[in-house]
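With my numbering applied, the sequence shown corresponds to residues 135 to 748, in that order.
Cβ atoms here follow ideal geometry from the backbone N, Cα and C, with glycine treated the same way.
Keep in mind the model is a prediction, meaning the values are calculated, not measured.
Some notes on the structure that comes next.
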Amino acid sequence: MINRTYENLRNIQTQSLTSQDSQISQSPLSEWGILLGYKSNIKNMVLHQKQKYTFGRGINCDYLFNEKCFNNCKSFVQCSIVHFNISKNKHANFVYITDVSKNGTYLNRKKIGNSENVTINHNDVISINSTDNVCKILENLFLNMVNNALWVFFTYIDIKSSMTKLPIPFKFKHQYVFIKDIGRGSFGNIKLLFDLKNNAKIVTKIIPIRCYLINQTQKTDNCQSILNEIKIIKSMNHPLIVKYIDAIKKINSEFWILMEYVPGGDLFDKIESHGPFNESFAYPIFYQILVAVEFIHENGVTHRDLKPENILLNFINNTFYVKIGDFGFSKVTKSKNLKSIVGTDIYIAPEILKIENGTYDQTFYTNSIDIWSCGILFYICMTKKSPFYQNYKSLLVNVPGIDKIINFKLLQKFPDIKMLVKQMCDIDPLKRIPISLAKESKIFNVYIFVTKIYILFRKKLRKLPKIMVPKLDSVHSLRSKKFFLILTLLLILCIIYIRHLQIKYLKERFTYKFSEIINEAKVVVISKSYCLYSQKAKNAFEKLIHEGILDEQDYKVHDIEYDPHMNEIQNILKDLTGSRTVPAIFLNSKYIGGGSDIESLYKTKNLHSIVQGK
């Protein structure tokens, strides 16, 4: 039982606010809290205007839980008509939750207790029917596995507390609310915000302005490099690249860059927890990375810092999609040559390190450094180990030849990816395989996956970029690809035809079964156990039996809740009545009403006269 109760707060005296708190309290924001849904089918809710909100499955609740919020009807039934309330104390200026349910409401995995009032703070987790499985669900949030959970979750965001922890620039003050810190990027902190206007999460990268001495009399800052990053992100309009939203410079202190939120975490975390990857998971990820990098290069930009930490993941329709981010090291290339030393050591191309050591015959490098980084990244995904025999930097200086630098033995069981990594990680940048040819590798001949990408993004783009569509005129066998496509189409047609025959057979079978059901008695009610109106229909007819208007032997209830063929029965019900709604009431094999109609029939006494045949 939580002891942070409302009664314990009565003795708390109002403390004086700092000047910053005073400014916050005078903020014109009418919102005082936000509830963020953990599950994709739990909508976010902004708390404002009212001082009290009710939550439950009752139609009069401010937030209505329906069956879509749960994975099964049993969990939905455990939710009370009014399950809990969230209220704001107008005078003491704190928020508390009241549990009014039968089965319990939980705050941070601890049961509140019936009729108990407990204060809720910034980032507290509210759940229904919680068990220790909550912990497992929260641990798997980056995989979006919470979509398969049986429980409802909210995170409470206290707006005043949020504004105190992270003062928002004036331009964004009335639109965004701070949620929490989520990490660090190159030269900046990453914060998670809530967009009040669009009811969605976003991230902001906060980059402090730093000054550097050029000589004793002159100094410079990093403003130009930050503006360069903003310019690059703003120009990268592609579904596989993190989307730019807005940016602002706080006076002489820092830049704020607002970008879309990608909830699946990054590739580094995925490698740590589930690596090394198998081919079926890794190859679609690799293909998307190549698609995104090719787009970046075609727009005259070199990323220069491709690594797992900068590859974000989004889990949509049981498939991972990548989003490339963190363009802090990126550079627009008006010419094809770059000179500065950048990147993360293990992913840095050898020509960059040779320029640094003065052992390279050129003083510049090209965007092929990104191809090297991709090759090393692919290797690590498949092995979860460093590709180098010894210290990478010393090897490049003393040992020529890629086979003596990278340990390809670990890729023996993946000959195709081994060949591709060899081609991408050639010591000579001029001999590295271009991105366009790397995409044509036979390991990416998975047209079903590429079709998924097309279906996912075609609605978001007026014209699908050519890089998203696999080319059939590749250097590999055109004949084998055509054969694969024809075979796939024939297989799909066969599946469709077999399914058509199956549906036809089932329909005939269950039409006969349905006719038997509705002829079992004078009055037949087709219902579901956990349906509210089904229960009302049963109560109404039981009352008629009690009043002697209907004989008990003339009344039959057919519950389809656990019937394995429930969908087929409801489809036939729709053909006969025009609706799949239950309860469905049949009198002498004729449909007389269903759904919410039962309530009006009973109230107007029409049900009595209909049953008596009047």
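So, helix, strand or coil for M370, using DSSP?
coil
Cβ distance (whole Å) where K236 is taken to contact Q185 below 8 Å
The Cβ separation is near 25 Å, so there is no contact.
How close, in whole Å, do the beta carbons of D460 and D439 come, if the pair is a contact with beta carbons under 8 Å?
Rounded, the Cβ-Cβ distance is 7 Å, consistent with contact.
For I719, which residues does DSSP report across the bridge?
Answer is V659, G727, bridged to I719.
Please list, in chain order, all residues of the same chain as N242 whose beta carbon is under 7 Å from its beta carbon, the five residues on each side excluded.
The residues are D258, V259.
Would you call the region 672 to 688 in contact with the region 699 to 709, where contact means no fewer than 3 C-beta pairs closer than 8 Å?
Contact fails between the region 672 to 688 and the region 699 to 709, because fewer than three Cβ pairs, one in each stretch, are under 8 Å apart.
Exposed or buried, I167, counting other C-beta atoms within 10 Å across all chains shown (16 or more means buried)?
At residue 167 the sequence reads Gly, which differs from the Ile that was named. Label assigned to G167: buried.
Measuring alpha carbon to alpha carbon, tell me which of D380, Y310, T436 ends up nearest Y499.
T436
Cβ neighbour criterion (16 or more within 10 Å) applied to N175
exposed
Delimiting residues of the beta strand (DSSP E) encompassing P342:
334 to 342
Quick one: is K331 buried, meaning 16 or more other Cβ sit within 10 Å of its Cβ, or exposed?
exposed
With a CB to CB cut of under 7 Å and the five nearest residues on each side skipped, what residues in its chain are close to Y197?
M179, Y187, F189
How far does the alpha helix (DSSP H) with K307 in it reach, from first residue to last?
It is not in any alpha helix (DSSP H) - K307 carries neither H nor E in the DSSP assignment.
Rounded to whole angstroms, what is the Cα-Cα separation between G247 and R633?
51 Å
Nearest to I343 by CA position, among A572, F449, K647, G322, is which residue?
When only C-alpha atoms are compared, the closest one is G322.
Could you spell out the range, first to last residue, of the beta strand (DSSP E) harbouring F692?
Phe is not the amino acid found at residue 692; the sequence shown has His there. For H692, the uninterrupted beta strand (DSSP E) run begins and ends at 689 to 693, by DSSP.
Own chain, CB closer than 7 Å to V216, minus 5 neighbours either side, in chain order
T188, G190, G192, C195, V234
Look up Y187 in the DSSP assignment and say whether it is helix, strand or coil.
It is a strand residue.
Of the residues F618, K377, Q183, L169, the one placed nearest F312, counting alpha carbons only
L169
Ends of the beta strand (DSSP E) at K404?
First-last for K404: 401 to 408, but that is the alpha helix (DSSP H), not the beta strand (DSSP E).
Can you find at least 3 beta carbon pairs, one from the region 402 to 419 and one from the region 565 to 574, that sit closer than 8 Å?
Here the region 402 to 419 does not lie against the region 565 to 574, with fewer than 3 beta-carbon pairs under 8 Å apart.
Would you report the Cα separation of L511 and T517, rounded to the nearest angstrom?
10 Å
Across which residues does DSSP place H182 in a beta bridge pair?
E165
Cβ-Cβ distance between Y378 and K368 below 7 Å:
yes
Excluding the 5 residues preceding and the 5 following G477 in the sequence, name in chain order all residues of the same chain whose CB lies nearer than 6 Å to its CB.
Only weak support exists for where G477 lies, its pLDDT of 49 falling under 50; the value from the coordinates is given anyway. Excluding positions up to five away in sequence, the list reads R438, D439.
What is the DSSP secondary structure of K597, counted as helix, strand or coil?
Its pLDDT being 43, under 50, K597 is placed unreliably in this model, and the coordinates cannot settle the point.
Candidates V456, F204, D329, of which the one nearest E165 by Cα:
The residue with the shortest Cα to Cα distance from E165 is D329.
For S507 and K441, I'd like the C-alpha separation in whole angstroms.
Rounded to whole angstroms, S507 to K441 spans 7 Å at the Cα level.
Give the straight-line distance between the Cα atoms of T715 and C665, rounded to the nearest whole angstrom.
10 Å
Assumed close pair P397, N448 - CB separation to whole angstroms, cut-off 8 Å
7 Å
Would you mind reading off the limits of the beta strand (DSSP E) that contains F328?
322 to 329
Can you tell me where the alpha helix (DSSP H) with K236 in it begins and where it stops?
Run containing K236: none; DSSP gives neither H nor E here.
Around the Cβ of K622, are there at least 16 other Cβ atoms within 10 angstroms (buried) or fewer (exposed)?
Looking at the sequence provided, one finds Thr at residue 622 rather than Lys. T622 should be labelled exposed.
Beta strand (DSSP E) segment containing S668, residue limits
Segment 666 to 680 is the alpha helix (DSSP H) holding S668; no beta strand (DSSP E) there.
Give me the DSSP bridge partner(s) of L684.
According to DSSP, L684 bridges with nothing at all.
Which partner residues of V259 appear in the DSSP bridge assignment?
T289
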